[in-house]
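Residue numbers (our numbering): -13 to 253.
Ideal placement from N, C-alpha and C gives every residue a C-beta, glycine not left out.
Note that the coordinates shown come from a computational prediction; the quantities given were computed from them, not determined experimentally.
Notes follow once the structure below has been shown.
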């Protein structure tokens, strides 16, 4: 098999694997309500496959450096969420989604201009979440209407995440780890939820899912920091494993604490 054809087939396989993963997680998100859906949405559904495929093509130093660039981008994502949540209460789909994506692109463009250390990335996340979590709290509790899936939902989500993986994998060799880390953190799951759910169930219920995602997204930022430290000291496989474990343990803790509160009220 010619080398170019082999590369194309391998790229298509990676795109298909990532698409299947994000579609499955998105379906769970829709069926489980805003709280559980938010916890699923903040797992590394799109960034995870991107980093796995980057690790196949590059060494641990590349992954560690990419994670450093991804860490402050996580702060941009929480501002995307805040922008959408606030605007979606009163404004149209186009205004809410368009402004939210524009905020992310603007912040990510600024972030990529700087060389980030672990301490600086963590500090930016702490400031960003310290601002956004209290502002999002009032929008968390909205009844989730029944969602009727349409024929194009799954192909649309699959296309989004497959395109992201293709861009990250195919450009990583010449854009380097810093830009790859920024691209890998584009919030595919949040974008697809906004695009699909807002026209169907309205802005406030869709915004509730994103508002409930704030604490989970904070844990995702910690997982990126763990990925950096793990990849730099123990290799890509260990870094990716530790980062995933951090996300899962953090979100399970949030879920458990959420279950304990109603029980405490009843008792």
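- If you draw a 10 Å sphere on the C-beta of residue 38, you find 16 or more other C-beta atoms in it, and that means buried.
- Taken through DSSP and simplified to helix, strand or coil, residue 128 comes out as coil.
- The DSSP assignment places 174 to 187 as complete runs of the alpha helix (DSSP H) inside the segment 158 to 197, in order along the chain (cut-off: 4 residues).
- In terms of Cα proximity to residue 127, the closest of 54, 192 and 172 is 192.
- One Cα belongs to residue 114, the other to residue 121, and the distance between them is close to 11 Å.
- The count of Cβ pairs closer than 8 Å, one atom from the segment 37 to 54 and one from the segment 208 to 215, reaches three, so the stretches are in contact.
- For residue 81, the CB contacts under 8 Å within the same chain, skipping 5 residues up- and downstream, are 73 in chain order.
- Inclusion of residue 59 and residue 109 in the CB contact set at 9 Å is not warranted, their separation being larger than that value.
- Boundaries of the alpha helix (DSSP H) around residue 214: 200 to 220.
- DSSP places residue 37 inside the alpha helix (DSSP H), whose first and last residues are 33 to 43.
- Relative to the Cα of residue 169, the nearest Cα in the group 45, 61, 43 and 55 belongs to 55.
- Taking every protein chain shown into account, the CB of residue 101 has fewer than 16 other CB atoms within 10 angstroms, so this residue is exposed.
- Distance check between residue 88 and each of 65, 106 and 103 places 65 closest, using alpha-carbon atoms only.
- In the structure shown, the three-state DSSP call for residue 245 is helix.
- Pairing residue 79 with residue 185 gives a Cβ-Cβ distance under 9 Å.
- Between residue 210 and residue 107, the gap from beta carbon to beta carbon is short of 9 Å.
- Residue state for residue 100 is assigned as coil, using DSSP reduced to three classes.
- Counting along the chain, the unbroken alpha helix (DSSP H) around residue 47 starts and ends at 46 to 74.
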